[in-house]
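Visitor: Just dropping this structure here.
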Amino acid sequence: MNVLVVGGSGATGRLLVRQLLNGGLSVTAIVRSPEKFIEILGPQEHLSVVSAAVLDLSDEELVQYVGECEAVASCLGHTLSLKGVYGHPRRLVSDATRRLCKAITASKPKKPVKFVLMNSTGCRNHDLAEVVSLAESGVVGLLRWLVPPHADNEQAAAYLRSHIGLNDACIEWCVVRPDSLVDIDDVSKYEIHPSPIRSAIFNSGKTSRINVAHFMAELITNDAVWKAWKGATPVIYNVEE
Numbered sequence: 001m002n003v004l005v006v007g008g009s010g011a012t013g014r015l016l017v018r019q020l021l022n023g024g025l026s027v028t029a030i031v032r033s034p035e036k037f038i039e040i041l042g043p044q045e046h047l048s049v050v051s052a053a054v055l056d057l058s059d060e061e062l063v064q065y066v067g068e069c070e071a072v073a074s075c076l077g078h079t080l081s082l083k084g085v086y087g088h089p090r091r092l093v094s095d096a097t098r099r100l101c102k103a104i105t106a107s108k109p110k111k112p113v114k115f116v117l118m119n120s121t122g123c124r125n126h127d128l129a130e131v132v133s134l135a136e137s138g139v140v141g142l143l144r145w146l147v148p149p150h151a152d153n154e155q156a157a158a159y160l161r162s163h164i165g166l167n168d169a170c171i172e173w174c175v176v177r178p179d180s181l182v183d184i185d186d187v188s189k190y191e192i193h194p195s196p197i198r199s200a201i202f203n204s205g206k207t208s209r210i211n212v213a214h215f216m217a218e219l220i221t222n223d224a225v226w227k228a229w230k231g232a233t234p235v236i237y238n239v240e241e
């Protein structure tokens with residue numbers, strides 16, 4: 001099985017790439033800094049690295065890359081710096097999601113391609129009428145206007161829900177929503193919920209990046225897990241022990 005990963009050089013993305021490679025899959029990773037990425041992962045027989053920013057690739061190049069894969073995973077995010085939050089590209093995640101989906105459709109796959117998007121529990125699924133307190137709604141509204149990456153994540157998830165939908169002939173999707181991300185060395189116990197069970201603003205939980213990578217890899221490789229969560233926006237939390 002071939003998987004295309006964008007955002008593979010990020011803190012979560014490289015963990016996902018390693019999970020997929022350890023599972024015997026072939027991975028094509030589009031990264032801006034291939035030297036550092038390869039140095040971190042070490043030599044990998046089944047890893048192909050494309051040196052580029054995903055939005056700088058032409059439509060034809062994207063069609064070529066997605067046409068070789070049965071799944072696409074996006075771990076794209078904005079760097080936590082002044083330039084990363086307020087600089088360009090402002091719509092990195094949503095523009096990449098839109099262009100990758102259009103490339104998948106243009107490649108005319110024989111069966112639907114899995115699209116797994118890493119998002120955030122702060123982005124609500126309005127199709128599920130998720131309950132949000134007035135105070136949290138106000139804070140999220142401010143984040144939407146003052147912190148561009150939040151709106152970008154919302155738009156990426158909304159594109160999959162509204163434009164791709166549940167009956168697309170070329171694309172099946174899942175949006176993974178971790179809570180506050182933390183670094184832990186090994187996969188630990190985690191739980192999956194259809195919607196948040198705690199406030200992302202006032203009572204956030206923790207989700208280790210390696211658990212996010214593990215769940216995303218399970219979605220791609222485990223048919224039962226995919227059947228359970230395709231077309232959904234599951235929330236992932238570490239189990240507190």
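Heads up: the sequence shown is residues 1 to 241, going by the UniProt record's numbering.
No residue lacks a Cβ here, since even glycine has one placed at the ideal position from N, Cα and C.
All of these numbers come straight from a predicted model, not from anything done at the bench.
Can you name, in chain order, every residue of its own chain whose Cβ lies under 7 angstroms from the Cβ of ASP127, other than the five neighbours on each side?
Guide: So the list reads ARG161, once near-sequence residues are dropped.
Visitor: Use the C-beta contact count for VAL36: other C-beta atoms within 10 angstroms, 16 or more gives buried, fewer gives exposed.
Guide: In the sequence as displayed, the identity of residue 36 is Lys instead of Val. Result: exposed.
Visitor: Residue range of the beta strand (DSSP E) that VAL66 falls in?
Guide: Unbroken run through VAL66 is the alpha helix (DSSP H), 59 to 67; no beta strand (DSSP E).
Visitor: Buried or exposed: where does ALA157 fall if 16 or more other Cβ atoms within 10 Å of its Cβ makes it buried?
Guide: Looking at its Cβ environment, which holds 16 or more other Cβ atoms inside 10 Å, ALA157 is buried.
Visitor: Under the assumption that ILE236 contacts ARG177 (Cβ atoms under 8 angstroms), give the Cβ distance between them as a whole number of angstroms.
Guide: Contact holds; Cβ gap of about 7 angstroms.
Visitor: Would you mind working out which of LYS230, ILE104, PRO196 and THR121 sits nearest LEU166, comparing C-alpha positions?
Guide: Among LYS230, ILE104, PRO196 and THR121, the Cα nearest to that of LEU166 is on LYS230.
Visitor: Please determine, among GLY205, ARG32 and LEU47, the residue with the shortest C-alpha to C-alpha distance to LEU16.
Guide: For LEU16, the nearest C-alpha among the options comes from LEU47.
Visitor: Across which residues does DSSP place MET118 in a beta bridge pair?
Guide: Paired residues: VAL176.
Visitor: Looking at TRP173: is its Cβ nearer than 8 angstroms to the Cβ of PHE215?
Guide: The answer is no: Cβ separation not under 8 angstroms.
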